[in-house]
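Below is one structure, written out as structure tokens; comments come after it.
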Amino acid sequence: MNQTPLDILRTTYGFRDFRGKQEEIIKHMIDGGDALVIMPTGSGKSLCYQLPSIVRTGTGIIVSPLIALMQDQVNELVQMGVRAAFLNSSQSPQEQSMVEQELRNGKLDMLYVAPERLVTPVFLALLDSIQPALFTIDEAHCVSQWGHDFRPEYTRLSILRERFPHVPLIALTATADDPTRKDIAEQLHLQQAPVFATGFDRPNITYSIQNRERGLDQLFSFIRSSYKDESGIVYCQSRKKVEDIATKLTEAGFNALPYHAGMSAIQRNHNQSKFMMEENVIMVATIAFGMGVNKPNVRFVVHLGLPKSLEAYHQETGRAGRDGLPADALLLYNLQDIVLARRMISRSSTNRAIIEQHKFSSLLGFVETTECRRNVILSYFGEHRDEKCGNCDTCLYPVETWDGTIAAQKALSCVYRTGQRFGATHLTDILTGNLTKRVSEHEHNHIKTFACGKELGKETWKGVFRQLVALQMLESDPENGSLRLNDTSWLILRGEKTVSLRRDSLSVTAVKHVSKK
Ligand code: ADP
Ligand code: ZN
Numbered sequence: 047m048n049q050t051p052l053d054i055l056r057t058t059y060g061f062r063d064f065r066g067k068q069e070e071i072i073k074h075m076i077d078g079g080d081a082l083v084i085m086p087t088g089s090g091k092s093l094c095y096q097l098p099s100i101v102r103t104g105t106g107i108i109v110s111p112l113i114a115l116m117q118d119q120v121n122e123l124v125q126m127g128v129r130a131a132f133l134n135s136s137q138s139p140q141e142q143s144m145v146e147q148e149l150r151n152g153k154l155d156m157l158y159v160a161p162e163r164l165v166t167p168v169f170l171a172l173l174d175s176i177q178p179a180l181f182t183i184d185e186a187h188c189v190s191q192w193g194h195d196f197r198p199e200y201t202r203l204s205i206l207r208e209r210f211p212h213v214p215l216i217a218l219t220a221t222a223d224d225p226t227r228k229d230i231a232e233q234l235h236l237q238q239a240p241v242f243a244t245g246f247d248r249p250n251i252t253y254s255i256q257n258r259e260r261g262l263d264q265l266f267s268f269i270r271s272s273y274k275d276e277s278g279i280v281y282c283q284s285r286k287k288v289e290d291i292a293t294k295l296t297e298a299g300f301n302a303l304p305y306h307a308g309m310s311a312i313q314r315n316h317n318q319s320k321f322m323m324e325e326n327v328i329m330v331a332t333i334a335f336g337m338g339v340n341k342p343n344v345r346f347v348v349h350l351g352l353p354k355s356l357e358a359y360h361q362e363t364g365r366a367g368r369d370g371l372p373a374d375a376l377l378l379y380n381l382q383d384i385v386l387a388r389r390m391i392s393r394s395s396t397n398r399a400i401i402e403q404h405k406f407s408s409l410l411g412f413v414e415t416t417e418c419r420r421n422v423i424l425s426y427f428g429e430h431r432d433e434k435c436g437n438c439d440t441c442l443y444p445v446e447t448w449d450g451t452i453a454a455q456k457a458l459s460c461v462y463r464t465g466q467r468f469g470a471t472h473l474t475d476i477l478t479g480n481l482t483k484r485v486s487e488h489e490h491n492h493i494k495t496f497a498c499g500k501e502l503g504k505e506t507w508k509g510v511f512r513q514l515v516a517l518q519m520l521e522s523d524p525e526n527g528s529l530r531l532n533d534t535s536w537l538i539l540r541g542e543k544t545v546s547l548r549r550d551s552l553s554v555t556a557v558k559h560v561s562k563k
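Taking the working numbering, the leading residue of the sequence shown gets 47, the next gets one more, and so forth.
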């Protein structure tokens, strides 16, 4: 008697129900479709290819890059009574030929194999002689240079679609932002296949992003107002900053500890276990901290400065609120961060720089958005939503925008008239008519734009420059951070493009707490 997928889920796996989109994906695969599946780690991707492999006639061929993982999965399946095996270089020639024999005799539901073996002529010929039930490409981001773990041998997997056009193919990965996702689809000839992206939302996390003016004060008042005796993580951009902020928090009476890769392993482990065991430790850390840390009641994650990408931001903020209770993700940033990030990017190899630049632009789009933050994050992962979340700063406090066209023209012409050699602080001094030593040295009090922007004030001008750079209406020099015009700047200067700017809010509190009282 034929078992339904639900029967197998219950009898073989011992689970009661499918999760998320598992059932939909499994049905789609059993019916012979192709698919690109993007679900976070731990959300149950394996069932999406294992169940169809069991149900469909023939053997499911699973490509997986990690030998250790392969072995674990196969052991588990065999214990459950599923006919699974693997082929890799850790086996003796005898073991390998036994597995091949089973495969030829149709005795396997699933065969795990490394990518470099799969594409050999011998193995492809073997596949010709059997009936593959479906092809699975696990860790599919390895096929893309846009991803974080590119493996050249993965690119050759495109041969599967060419050589076996009628065998369904499923590619799965835990993280794939928009460019990576498109690249995977293209490389594996899956452009026509549906994308199943799900599981990226963390509804209990409140996202808010604010301009960093006096970062330390902002951090203090954020923690004091809402999270006095709770656990949290504060991410900083450098080891030095970590030490500095940890010291200042401690001096202010908080229970803060530093964590970065420059510390001894003993000290790091010590701090990490205090964070894990105690209930009110603030970990001040570089991004070296967090992998494998699974503390359920982390109440807040603060970024002092910009993360590397939206993917990194999602992962780092995702360490808050694992217990499902309300948690906060606060990001404090300013123009300096953009300048710094652009400098780092310009130092990568050309190929990498293009990729990183692209990812960074998406991040800037996110931090300056006037739309629901959650929806911007989710759509970056392919999970599109229309309704607003009601639990991010832009939802709770809709952003006020203003027509910044004239301000932008003044700012840009100030850049131009000073020879495109200065940074935002000096330019702001000129615009507000602040006669500093530097201004008079360069005789910038005699140019036409001197004091032409008095009406707006220093903070507003800083916000104008930050947004112009973030919106790519002005460039920052990767080496010294000076500002210079680009094509878009000229459109604005000529009055051919208008500029809408967001009004920065200056008070920092945990948004959630304000709103729910
Ligand atoms: P991923 O590959 O996405 O990281 P796994 O497939 O390894 O995730 O699944 C993560 C965990 O969730 C495993 O322990 C798995 O047995 C369990 N799991 C998956 N689907 C279900 C389900 N429908 N019901 C209960 N547990 C499940
Ligand atoms: Zn929202």
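The beta carbon of each residue, even a glycine, is placed where N, CA and C say it ideally should be.
Could you tell me whether the region 306-326 touches the region 367-383, where touching means 3 or more Cβ pairs closer than 8 Å? no
When DSSP labels each residue in this structure, what does I84 get in the three-state scheme? As a position in the sequence shown, residue 84 is number 38, starting the count at 1. Here I84 sits in strand by DSSP.
If L424 sits next to D290, beta carbons under 8 Å apart, how far is it from one beta carbon to the other, in whole angstroms? Position 378 of the sequence shown holds residue 424. Position 244 of the sequence shown holds residue 290. With a Cβ gap of about 35 Å, L424 and D290 do not count as contacting.
Through-space distance from Y379 to H255, alpha-carbon basis: In the sequence shown, residue 255 corresponds to position 209, counting from 1. In the sequence shown, residue 379 corresponds to position 333, counting from 1. For the sequence presented, residue 255 should be read as Ile rather than His. So the two alpha carbons sit approximately 8 Å from each other.
Which two residues bound the contiguous alpha helix (DSSP H) that contains M565? Here the chain covers residues 47 to 563 and nothing more, so residue 565 does not appear.
Give the single residue among L55, V344, T105 and E357 whose Cα lies nearest to the Cα of N250. By 1-based counting over the sequence shown, the position of residue 250 is 204. Selected option, being the one with the closest Cα: V344.
Given the structure, does K287 come close to the ligand ZN, in the sense that its CB is under 8 Å from one of the ligand's heavy atoms? What you label residue 287 is simply residue 241 of the sequence shown in a count that begins at 1. Incorrect: K287 has no Cβ contact closer than 8 Å to the ligand ZN.
Within the region 363-448, ranges of the beta strand (DSSP E) (whole runs, at least 3 residues): 373-379
Return the first residue and the last residue of the alpha helix (DSSP H) that G450 is part of. The residue labelled residue 450 in the question sits at position 404 within the sequence shown. Run containing G450: none; DSSP gives neither H nor E here.
Should R227 go down as buried or exposed, given a rule of 16 or more other Cβ atoms within 10 Å for buried? Here the question's residue 227 lines up with position 181 in the sequence shown. Classification for R227: buried.
Of the residues V124, N121 and A81, which one's Cα is nearest the Cα of E232? Taking the sequence shown and counting its residues from 1, one reaches residue 232 at position 186. Here the closest residue by C-alpha is A81.
Does the CB of Q137 have a neighbour CB from chain B at under 9 Å? The structure shown contains no chain B, having only a single protein chain.
Reducing DSSP to helix, strand and coil, say where E325 ends up. Walking along the sequence shown from the start, residue 325 turns up at place 279. DSSP places E325 in coil when its eight states are reduced to three.
CA-CA distance, N491 and I452? Taking the first residue of the sequence shown as 1, we reach residue 491 at position 445. Taking the first residue of the sequence shown as 1, we reach residue 452 at position 406. Answer to the nearest angstrom: the Cα atoms are 20 Å apart.
What residues in its chain sit with their C-beta under 6 Å from that of F132, if we drop five residues either side in the sequence? Sequence index remark: in the sequence shown, residue 132 carries index 86 (1-based). Only M116, V120 and Y158 meet the Cβ criterion.
Near L410, which residues of its chain fall below 6 Å by C-beta distance, leaving aside the five closest residues on each side in sequence? Here residue 410 corresponds to residue number 364 of the sequence shown, with the count starting at 1. Closer than 6 Å at the Cβ level, and outside the excluded window around L410, lie A516.
By how many angstroms is the C-alpha of N326 removed from the C-alpha of Q313? Position 267 of the sequence shown, counted from the first residue, corresponds to residue 313. Position 280 of the sequence shown, counted from the first residue, corresponds to residue 326. So the alpha carbons of these two residues sit roughly 19 Å apart.
Tell me, to the nearest whole angstrom, how far the beta carbon of K67 is from that of T182; I am working on the premise that it is less than 8 Å. By 1-based counting over the sequence shown, the position of residue 67 is 21. By 1-based counting over the sequence shown, the position of residue 182 is 136. That pair is no contact at about 16 Å.
For a test of your reading of the model: does the CB of G90 fall under 8 Å from any non-hydrogen atom of the ligand ADP? Yes or no. To locate residue 90, count along the sequence shown from 1; it is residue 44. Correct: G90 has its Cβ closer than 8 Å to the ligand ADP.
Starting from the C-beta of K504, find all residues in its chain whose C-beta is less than 8 Å away, skip the five residues before and the five after it, and write them out in chain order. Position 458 of the sequence shown, counting from 1, holds the residue named residue 504. Cβ neighbours of K504 beyond the five flanking positions: T474, T478 and N480.
What do you reckon, is the C-beta of R62 under 8 Å from a heavy atom of the ligand ADP? Here residue 62 is taken as the residue at index 16 of the sequence shown, counted from 1. Yes, the Cβ of R62 comes within 8 Å of a heavy atom of the ligand ADP.
Figure out for me which residue from D523, V485, M519 and A298 has the closest Cα to the Cα of R467. Position 421 of the sequence shown, counted from the start, is the residue given in the question as residue 467. The candidate whose alpha carbon is nearest that of R467 is D523.
Considering Cα atoms alone, identify which of G308, D374 and G367 is closest to C438. Working through the sequence shown from its first residue, we reach residue 438 at position 392. Answer by Cα proximity: D374.
Measuring only the C-alpha atoms, how far is R393 from I76? Against the sequence shown, residue 393 aligns to sequence position 347. Against the sequence shown, residue 76 aligns to sequence position 30. The straight-line gap from Cα to Cα measures roughly 48 Å.
Look up R17 in the DSSP assignment and give the residues it is bridged to. This structure cannot speak to residue 17, because the chain is shown only from 47 to 563.
Classify I205: buried if its beta carbon has 16 or more other beta carbons within 10 angstroms, exposed otherwise. Position 159 of the sequence shown, counted from the start, is the residue given in the question as residue 205. I205 is exposed by the Cβ-count criterion.
With DSSP run on the structure shown, which of helix, strand or coil describes G261? By 1-based counting over the sequence shown, the position of residue 261 is 215. Residue state, collapsed to three classes: helix.
In the DSSP assignment, what are the bridge partners of M156? Walking along the sequence shown from the start, residue 156 turns up at place 110. DSSP, once it has assigned bridges, lists G106 and A130 as partnering M156.
Compare the C-alpha of F61 against each of L93, P225 and L112 and name the closest. Counting from one through the sequence shown, the residue named residue 61 turns up at place 15. Cα-wise, what sits closest to F61 is L93.
Quick check: is any heavy atom of the ligand ADP less than 8 Å from the C-beta of M337? To locate residue 337, count along the sequence shown from 1; it is residue 291. M337: no, Cβ never under 8 Å from the ligand ADP.
Do N421 and the ligand ZN come close, with the Cβ less than 8 Å from some heavy atom? Numbered from 1 along the sequence shown, position 375 holds the residue referred to as residue 421. N421 Cβ: within cutoff of the ligand ZN.
Give the secondary structure of G509 by DSSP, where H, G and I count as helix, E and B as strand, and everything else as coil. Counted from its first residue, the sequence shown places residue 509 at position 463. Helix at G509.
DSSP three-state assignment for Y253, whether helix, strand or coil: Residue mapping note: residue 253 aligns to position 207 of the sequence shown, counting from 1. Here Y253 sits in strand by DSSP.
Inspect the beta-carbon positions of I333 and P304 and report whether they are closer than 9 Å. Residue 333 sits at position 287 when you count from the first residue of the sequence shown. Residue 304 sits at position 258 when you count from the first residue of the sequence shown. Their beta carbons are not under 9 Å apart, which means I333 does not touch P304 by this criterion.
At a threshold of 8 Å, does Q68 count as lining the ligand ADP (C-beta to nearest heavy atom)? Residue numbering aside, residue 68 sits at position 22 when the sequence shown is read from its first letter. Correct: Q68 has its Cβ closer than 8 Å to the ligand ADP.
Give me the Cα-Cα distance between G299 and T293, rounded to the nearest whole angstrom. One-based indexing of the sequence shown puts residue 299 at position 253. One-based indexing of the sequence shown puts residue 293 at position 247. In a straight line, the C-alpha of G299 is about 10 Å away from that of T293.
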